[in-house]
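Novice:
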Amino acid sequence: SEYGQNVFRGAVADKYLKKYGKSSSLLKDSAWTGVETDAEAVASALRDWAVERGATSYCHWFQPLGSGGVRHGQAAGVQISMLSFDADGNPSWEFDAGDLLTGETDGSSYPNGGMRATHTAGGYLAIDPLSPPFLREDVMFIPAALIAYTGQALDEKTPLHRSCEALSSEGSRLLKLLGQETTGLIANIGLEQEIFLVPRDAYYTRPDLQFVGRTLLGKPPARGQE
């Protein structure tokens, strides 16, 4: 079956990683990105998989700051050809760990041009090992995160990962105090609506609730946001 063949994970990844003495279990822990031999094996397996599936280029794919609100649905990336030629003009497919782990470094236009001095305008792309690479037509997309020279997030994904990490760390601390030892927490999104009933006297002691401008009957928010 062709279902799922264009996503590099599970059985699909296993098939190509075996050639380099690895398995898809390697991808379950993001630590492989810091081990040169593992990263080279993953890059080689990705190249074989992508070329066999008809890909000719790769792209570090990310969601710029504002794509989740100001510019809905926008994504960004630079497509780079994997086709290379030697001095005699012989072609070959080239893609190594360096190509896989990091991408373009120009972040001068994020979030807006002129926001930072030239020497701090670098934008650094790094692979997001928690999301599997995938193919679309003749391009291999590598999910990535974009941060500034200062370490500030320039995309929508980095704050999400940092929030999940903070939740896991602090949640583990809380569970330890409750007598439950755990190595971490995994956040799952649930579609639900929470409603809080606040006593009138308590409401009058909370300026923040008064300023929000909402009631249980559903008063429209100010200026239409939220």
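Number 235 marks the last residue of the sequence shown (the numbering used here); no jumps.
Where is the CB? At the ideal position from N, CA and C, for every residue including glycine.
Bear in mind the structure is a predicted one, so any value in this text is a computation, not a measurement.
#1: Taking the C-alpha atoms as reference points, what is the distance between SER33 and THR42?
#2: In angstroms with no decimal places, state the Cα-to-Cα distance between ARG171 and ALA96.
#3: From ASP210 to LEU144, what does the alpha carbon distance come to, in whole angstroms?
#4: Does the segment 178-198 touch the segment 99-108, meaning 3 or more C-beta pairs lie closer than 8 angstroms?
#5: Can you find the residues in the same chain that come closer than 6 angstroms, C-beta to C-beta, to HIS69, ignoring five residues on each side of it along the sequence?
#6: State the DSSP-derived secondary structure class of ALA153, mapped to helix, strand or coil.
#7: Can you give me the Cβ contacts of PHE94 inside the same chain, cut-off strictly under 6 angstroms, excluding the 5 residues immediately before and after it?
#8: Report the partner residues of ASP210 according to the DSSP bridge assignment.
#9: Starting from PRO236, trace the alpha helix (DSSP H) both ways and give me its first and last residue.
#10: Going by alpha carbons, who is nearest to ALA64 out of THR192, ASP38, SER178, PRO142?
#11: Rounded C-beta distance between MET149 and TYR67? I'm assuming under 8 angstroms.
#12: Could you check the C-alpha separation between LYS27 and CYS173 for me, to the nearest Å?
#13: In the structure shown, what three-state DSSP assignment does ALA135 receive?
#14: Tell me the start and end of each unbroken beta strand (DSSP E) in the segment 36-95 that is at least 3 residues and wholly inside, in chain order.
#15: Classify GLY13 as buried or exposed, calling it buried when 16 or more other Cβ atoms lie within 10 Å of its own Cβ.
#16: Rounded to whole angstroms, how far is the Cβ of GLN72 from the Cβ of ASP137, which I believe are closer than 8 angstroms?
Specialist: Judging by the given coordinates:
#1: Each residue's alpha carbon lies about 14 angstroms from the other.
#2: Taking C-alpha positions only, ARG171 is separated from ALA96 by approximately 45 angstroms.
#3: Going from the Cα of ASP210 to the Cα of LEU144 covers about 58 angstroms.
#4: The answer is no - the segment 178-198 does not touch the segment 99-108, with fewer than three Cβ pairs under 8 angstroms.
#5: Around HIS69: GLY86, GLY112, LEU134, ILE151, ALA153.
#6: Under the three-state reduction of DSSP, ALA153 is assigned to strand.
#7: Closer than 6 angstroms at Cβ, skipping near neighbours: PRO100.
#8: Note: ASP210 is not bridge-paired with any residue in the DSSP secondary-structure output.
#9: Limits of the chain in this structure are 10 at one end and 235 at the other, which puts residue 236 out of reach.
#10: For the residues THR192, ASP38, SER178, PRO142, the minimum Cα distance to ALA64 belongs to PRO142.
#11: So it is a contact: roughly 4 angstroms between Cβ atoms.
#12: If you draw a straight line from the Cα of LYS27 to the Cα of CYS173, it comes to about 32 angstroms.
#13: If DSSP states are grouped into helix, strand and coil, ALA135 belongs with the strands.
#14: Secondary structure in the segment 36-95: the beta strand (DSSP E) runs of 3 residues or longer, each lying completely within the stretch, are 66-70, 88-90, 92-94 in chain order.
#15: Exposed.
#16: Approximately 10 angstroms separates the beta-carbon atoms of GLN72 and ASP137; this is outside 8 angstroms, ruling out the contact.
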